[in-house]
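In my numbering, the protein residues as written are 3 to 258.
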């Protein structure tokens, strides 16, 4: 009984520590004026109305969505068939892939950005300051999320037996992959896509160093607006947080 009470107390304190800053930011974004009092003088949605009527914010949000969705589309077209080939034809490569997907986390983002700038700043492929370099960079970030999730899904099913059964019924390998294997990967694929999307949408380092104001994304917009009203920036943060929370809920729903 005492141990259970201790565990509940620790969880309650942890939830309180995580919730209080978010609630304080929300309250500050809803306050019209907040002076020397504990609570704001009055509440208003004026900051949110200004935010969602700001064309620069809407453009930055749209750019972030475009880059993230483009990256996830490219990742799906490349990673899903690649994972299938690894597990069906070359299962021994899974250990190598598990080591390769750790590289994006092992190399600091600043080091990666400097290397990409040295390669693509000039020459025949000059794509710095464009969304294309972000898509290519984000692909490497989405790879670990998607590969590991899809690998877990393929491990839970017997890929070779399913493919052999489909071949015996007259299906070719591409048809068997699309109609037999892919439906079994749907939940894992959707969960990995939402997780990667939430992570990519919150990226600042790569977006700021590789594109910056030439292709202003949501996080770069937030950085550029840091000198404006704190109420306004709090509204930006809460809008991003609520959108990410919605994606997290979708991830949990598709993971069931």
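Don't be surprised by glycine CBs; every beta carbon is placed ideally from N, CA and C.
Going by beta-carbon coordinates alone, are residue i and residue j separated by less than 9 angstroms?
| i | j | result |
| --- | --- | --- |
| residue 219 | residue 10 | no |
| residue 181 | residue 205 | no |
| residue 141 | residue 80 | yes |
| residue 162 | residue 90 | yes |
| residue 77 | residue 187 | no |
With H, G and I counted as helix, E and B as strand and the rest as coil, what does DSSP make of residue i?
| i | result |
| --- | --- |
| residue 108 | helix |
| residue 58 | helix |
| residue 187 | coil |
| residue 45 | strand |
| residue 123 | coil |
| residue 101 | helix |
| residue 34 | strand |
| residue 210 | helix |
| residue 92 | coil |
| residue 231 | coil |
Apart from the five residues just before and just after residue i, which ones in its own chain have a Cβ nearer than 6 angstroms to its Cβ?
| i | result |
| --- | --- |
| residue 97 | none |
| residue 71 | none |
| residue 200 | 246 and 249 |
Suppose the cutoff is 7 angstroms on Cβ atoms and the five residues either side in sequence are ignored; what does the same chain contact list for residue i look like?
| i | result |
| --- | --- |
| residue 197 | 147 and 253 |
| residue 49 | 31, 233, 234 and 237 |
| residue 190 | 151, 152, 154 and 155 |
Less than 8 angstroms between C-beta atoms, sequence neighbours within five positions excluded: which residues of the same chain meet that for residue i?
| i | result |
| --- | --- |
| residue 112 | 207 and 211 |
Mind the definition here: the region 167-180 touches the region 93-111 only if three or more C-beta pairs lie below 8 angstroms; say whether that holds.
no
Quick check: the region 228-235 against the region 18-35, are there 3 or more CB pairs under 8 angstroms?
yes
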